[in-house]
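Protein chains in written order, with my numbering: chain A, 10 to 460; chain B, 4 to 88. Below: the structure, in C-alpha cells.
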Amino acid sequence: MKEQFPTTEQPVEKAPADEQKKPSQEGGLVGDEQKRRERIAGLQRSATLFDEQFVRTQTHGSPERRLQTQKTIESLSHGSLLESGAIGDEDKASQNVVRRNTYEGDPPRIAYVKPQSGESWFDYDAQNDTARVIRLRRGEAGTLEEEEVDLGIADERQKTILQRALSRKVKEAHAVAEDIARYYDIEPSEAPNSGDKVGKLFGLEAGDAPVREFAVSRIDMMVGFDTVPVTVLREEPDHSDISSVQEAVKSANPEKPARPMNLKDLQSLIDQGPEHPGAQSFMRIASLDYLVKSLDRHTNNVLYDEEAQQFHAIDNGGSLGLNRRTEDGASKPADNYHSVPMEVLSRHPEWQLDEEAMTQLTELKDAVYAYLQKREIQSTGSDEGQEMKQITNLFRILYPNPKIAKVEGAQFLARIDRLIKDGRPPVDELISANQLQTKTVDKAVKAQQAA
Amino acid sequence: MKTIYFYNIDATGKEVEPAYPITMNDDGTIDLSKLPSEIRETLETLGVKAVTGENDLLPADGELFFNQLTAVKTPYMRFRSEPLF
C-alpha cells in the first residue's frame with residue numbers, strides 16, 4: 010500500500026517552496042511577510058482548484074443535499090460579507106480569534122471564521138531561556154504585527170510555574186522536531202517547531218490550522234460521514250491572511266440550538282453506548298478522529314443537536330499531525346490522539362460503525378484500489394480514479410513536502426483499511442501503546458460514582 | 004474580586020441574556036455557583052485546557068483557570084471579561 014501511493018496525480022498549484030522563489034510583487038513587502046503572502050495565495054488557488062473538481066464528483070447523500078453543500082461552499086467561498094461580529098472579548102489579545110460572519114447566499118450562511126493570524130504560538134528566547142505567547146494582530150496600516158498575548162496572571166508563583174512549563178515545552182518540541190526529520194528523512198529545519206516559533210502541538214505547523222480545518226471537512230465528505238460542518242478556505246484580497254470559514258451548525262429547533270456536549274451527555278454516552286440516541290453520529294466522529302489523527306477533540310469540540318439527536322465535529326485544526334522516530338528506532342505519533350469519542354469506545358467493545366458508513370468507506374477503498382491496480386498495467390484516462398486523485402491532491406495541499414505527503418497519504422489509506430476491517434477504530438491498541446489517554450472518560454465516571 | 008461572564012447563544016449564534024457571572028475572590032477561589040448547572044458541573048469535572056495544551060485546569064487552579072476561560076474561545080462556548088448587555 011505504502012509503495013503504491015503516488016506523489017502527484019494531476020496539477021496542483023505549486024506550494025510554498027516554488028512560490029517563495031518568485032520576485033516580490035507586493036510593493037513594500039519583504040522577507041518573511043512576502044513569503045507568507047505568497048504561500049497564502051498558493052494555498053487558496055490549490056483549495057479552489059480542488060473544490061471545483063471535488064464538488065462535481067461527490068456521490069454521497071441525496072442530490073438535494075449535494076446541491077445544498079455546493080451552494081454553501083459557493084456562499085462561504087465567494088459570497089459578500091453581510092455581517093460580522095467578534096466572539097468573546099474583541100480587544101483582548103486572546104490565544105485565538107474567531108468571528109461570526111454572515112455571507113450572501115440563498116439563504117445567507119452564518120459561519121465561524123478563524124484566521125491564520127488569530128493563532129498563537131510560543132516564541133522562545135534561548136539566551137534567557139524564556140518563552141512568550143505570541144499572536145499576529147492587524148495593525149492600523151493593515152499589516153500584521155506580532156503581539157504578546159496577555160495571560161493576565163498577577164500571581165508571581167503562578168507566572169514562574171507557567172514560564173517553566175513553556176520553556177520545557179519548547180525544548181521538548183525541538184527534540185521532537187529532530188525525531189520528525191528522522192521519520193520522514195527530511196532536514197530537521199523542515200520539521201514543524203524546529204525554530205524559535207513553537208506551536209502547542211509538536212507535529213503541526215503553527216499557523217496552518219485553517220488548512221487542516223479545510224482538509225478534515227473534505228475528508229468527512231469523501232467518506233460520507235456528514236459530521237463536520239462545511240468548511241472552506243478564504244483569503245483576504247491582498248493575501249495578508251487566510252481563514253477557515255465553517256458553516257454554523259443549525260438545529261432544526263431554534264429554541265434548542267446546537268451546544269457543546271456537557272458532562273451529562275458524556276455520562277449518558279458512557280452508560281448507554283450504542284443505545285444512545287446520538288450513537289451513530291458519535292461513532293462516526295470517533296472513526297473520523299482515527300482517520301485524521303485528532304489531537305484536540307475535547308468535549309467543547311463536539312456539538313450536540315438534541316433536536317436531531319446528532320453530534321457534530323468542530324474545531325478540526327488540531328489534526329493530521331506528523332509522526333516521529335526516536336533515536337532507538339521506535340516510531341510513534343509526534344502527538345498522542347486526543348479524542349473523547351474514541352475514549353468512550355474503550356468502554357464499549359461491541360460498538361460498531363453503522364452499515365451506511367461502512368459501505369461508503371468500502372466504496373472509497375474499492376475505487377482507490379481498482380484505480381491503482383489498473384494503473385499498474387495500463388495508462389488510465391483523465392476522468393478515472395477521481396477518489397485517488399482527490400486524496401493525493403488533498404495531502405499535497407496539506408503537506409508541501411512531497412516526502413511527507415506521500416507517507417501520510419499512504420498511512421491515511423491504511424487507516425481506512427483498518428477501520429473497514431475492524432468496524433471501529435482500534436482504540437484498545439492505541440491505549441496500550443500510550444497513544445490515546447482516557448482521562449476525560451475516567452473523570453466523568455469518577456464524578457458519576459461520587460454523585 | 005474579578006468577574007467574567009458566560010452567555011448562552013441563540014440559533015443564529017448570537018449571545019443572549021442573561022449574563023451568568025463567574026467570580027474570582029481575592030483569596031483566589033473561584034465561584035461558579037451562578038452558572039447553569041450543566042455548565043458548572045462540566046467545568047468543575049472536566050476543566051479547561053491549559054495554555055500549554057498539556058493538562059486541564061480546574062477551578063482549584065484559581066487564577067490560571069479563571070484567565071483561561073476568556074483566553075480560549077470556541078464559537079459555541081464563550082466567556083467575556085465585560086458584560087455584553
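Backbone N, C-alpha and C define an ideal beta-carbon position, used for all residues, glycine too.
*Using three-state DSSP, classify M80(B) as helix, strand or coil.*
strand
Shortest alpha-carbon distance to P286(A) belongs to which of E315(A), K415(A) and T308(A)?
E315(A)
Using three-state DSSP, classify A94(A) as helix, strand or coil. The amino acid at residue 94(A) is misidentified as Ala; the sequence shows Gly. G94(A) falls in the strand class under three-state DSSP.
(message) Please state whether the Cβ-Cβ distance between T73(B) and D98(A) is less than 8 Å.
(response) yes
- Message: Once DSSP output is grouped into helix, strand and coil, what is the label at Q319(A)?
- Response: strand
* Could you tell me how far apart the beta carbons of L210(A) and D344(A) are, in whole angstroms, since I believe they sit closer than 8 Å? => 5 Å
Worksheet item: Under 8 Å Cβ-Cβ, which residues of chain B neighbour G97(A)?
Response: T73, K76, R81, F82 and R83
Report whether the distance from the Cβ of A53(B) to the nearest heavy atom of the ligand FAD is below 7 Å.
-> With respect to the ligand FAD, the structure shown offers nothing to examine, as it has no ligands at all.
Have a look at K17(B), I12(B) and M4(B) and flag the residue whose alpha-carbon is nearest the alpha-carbon of I25(B).
Selection K17(B), I12(B) and M4(B) evaluated against I25(B) yields M4(B) as nearest (Cα-Cα).
**Asked** Using 8 Å as the limit for Cβ to Cβ distance, is I294(A) near chain B?
**Response** Contact of I294(A) with chain B is not assigned, every C-beta pair being separated by 8 Å or more.
For T45(B), count the other beta carbons within 10 Å of its own beta carbon; 16 or more makes it buried, fewer makes it exposed. Which is it? Flag for T45(B) reads buried.
From the beta carbon of A184(A), is the nearest beta carbon of chain B less than 8 Å away? no
Verify the CB distance criterion: does T6(B) have a CB-CB separation below 8 Å to chain A?
no
| field | Outcome for N332(A) when other beta-carbon atoms lying within 10 angstroms are tallied against a minimum of 16 | value | buried
request  = Give the C-beta separation of F131(A) and L171(A) to the nearest angstrom, bearing in mind that I take them to be a contact with Cβ-Cβ under 8 Å.
outcome  = Contact flag wrong, Cβ pair sits at about 11 Å.
Task: Rounded C-alpha distance that separates R144(A) from Y378(A) - done: 43 Å
Item to complete: Flag E98(B) as yes if its beta-carbon sits less than 8 Å from any beta-carbon of chain A, otherwise no.
Response: There is simply no residue 98(B) to check, as chain B begins at 4 and stops at 88 in what is shown.
Check your understanding: Among G282(A), R243(A), P238(A) and K178(A), which one has its Cα closest to the Cα of G212(A)?
Key -> K178(A)
inquiry  = Along the chain, where does the alpha helix (DSSP H) containing F223(A) start, and where does it finish?
reply    = Looking at the DSSP string, the run of the alpha helix (DSSP H) that includes F223(A) is A218 to V232.
* Asked: Would you call S36(B) buried or exposed, if buried means 16 or more other Cβ atoms sit within 10 Å of its Cβ?
  -> exposed
Cutoff 8 Å: Q458(A) Cβ touching any chain B Cβ
no
Close beta carbons around L87(B), own chain, < 6 Å, minus the five adjacent residues each side:
E18
Are the segment 412-431 of chain A and the segment 441-449 of chain A touching, with three or more C-beta to C-beta distances below 8 Å? no
Worksheet item: Unbroken alpha helix (DSSP H) runs of length 4 or more, entirely within the segment 265-340 of chain A: which are they?
Response: 272-281 and 288-300
Next item on the list: Output yes if chain B places a C-beta closer than 8 Å to the C-beta of A453(A); else output no.
Entry: At least one chain B Cβ lies under 8 Å of A453(A).
Just to confirm, are I162(A) and N58(B) a CB contact at a threshold of 8 Å? No.
Per-residue contacts from N70(B) into chain A (C-beta, under 7 Å): L160, G161 and I162
Task: DSSP-derived helix/strand/coil call for D205(A) - done: coil
- Query: If you run the structure through DSSP and keep just helix, strand and coil, what is P25(A)?
  - Reply: Summary for P25(A): the model assigns pLDDT 47, below 50, so the residue's position carries little reliability; its value from the coordinates is reported in the next sentence. DSSP places P25(A) in helix when its eight states are reduced to three.
**OP:** Go to R398(A), then tell me how far its alpha helix (DSSP H) extends in each direction, as first and last residue.
**Re:** Just to set this straight, residue 398(A) is Lys in the shown sequence, not Arg. Unbroken alpha helix (DSSP H) run through K398(A): Q395 to L407.
Please list, in chain order, all residues of the same chain as P32(A) whose beta carbon is under 7 Å from its beta carbon, the five residues on each side excluded.
Here P32(A) scores only 40 on pLDDT, less than 50, and its place in the model should not be relied on; the value that follows carries that caveat. Excluding positions up to five away in sequence, the list is empty.
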